[in-house]
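S.K.: Under the numbering used here, the first residue of the sequence shown is numbered 1, with each subsequent residue one higher.
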Amino acid sequence: MTKILGIDPGSRITGYGLVETHGGSVKHLEHGCLKLNQTSMPERLLELYRGLKQVIQKAKPTEVAIEKVFVGASAQSALKLGQARGVAILASAEYNLPVLEYSPNQIKKAVVGRGHADKTQVMFMIKVILSLSEVPESDAADALAVAICHSSLNLSSSNLSRQSK
């Protein structure tokens, strides 16, 4: 049994989602968003660090999965996202948790079946896969998608290693 904390980092809102895997099944445990105050970047990063530490202490995950930096139109946004990712990785490392990183296309392919799926498709599939009564807010859904991606790729890897023995 593995508890995976998925993190969708952001400098204003960071989504998190916790799933438990056992065999081939994935069970939803919790999800949410850390909404950071509209303060300076150093203050937001500190607030993010403290918030993630609280999530980790409460959830007690065994592994962490995080989305890789997506470089869109704005280099400035990518830099801020990189700083938030660094804080998330640091908070995880402080608890000696393995951190695995996945690209947006890997995540979408694992959840929807297509690497270029849109956000609404990902959110819908999160609801279906985890049997949720409603669709989580966007950042939390993205974090759950990261955790599901990690779960499915880990299952694939362990199945391959067992078959090769």
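Backbone N, C-alpha and C fix where the C-beta goes; we use that ideal spot for every residue, glycine too.
Please read these numbers as outputs of a predicted model, since none were measured by experiment.
Since Val111 and Val122 should fall inside the 8 Å C-beta cutoff, what is the C-beta to C-beta distance between them, to a whole number of angstroms?
M.R.: 6 Å
S.K.: What's the C-alpha gap between Val26 and Ala143?
M.R.: 14 Å
S.K.: May I have the straight-line CA-CA distance separating Gly17 from Gly23, to the nearest angstrom?
M.R.: 19 Å
S.K.: When DSSP builds the beta bridges, which residues end up paired with Ala65?
M.R.: Gly6 and Leu100
S.K.: Is the CB-CB distance between Leu34 and Thr14 below 8 Å?
M.R.: Contact: yes.
S.K.: Nearest CA to the CA of His28: which residue from Asp118, Ile148 and Leu153?
M.R.: Ile148
S.K.: Please tell me whether, using a cut-off of 7 Å, the distance from the CB of Glu137 to the nearest non-hydrogen atom of the ligand MG is below it.
M.R.: This structure lacks the ligand MG; in fact it carries no ligand of any kind.
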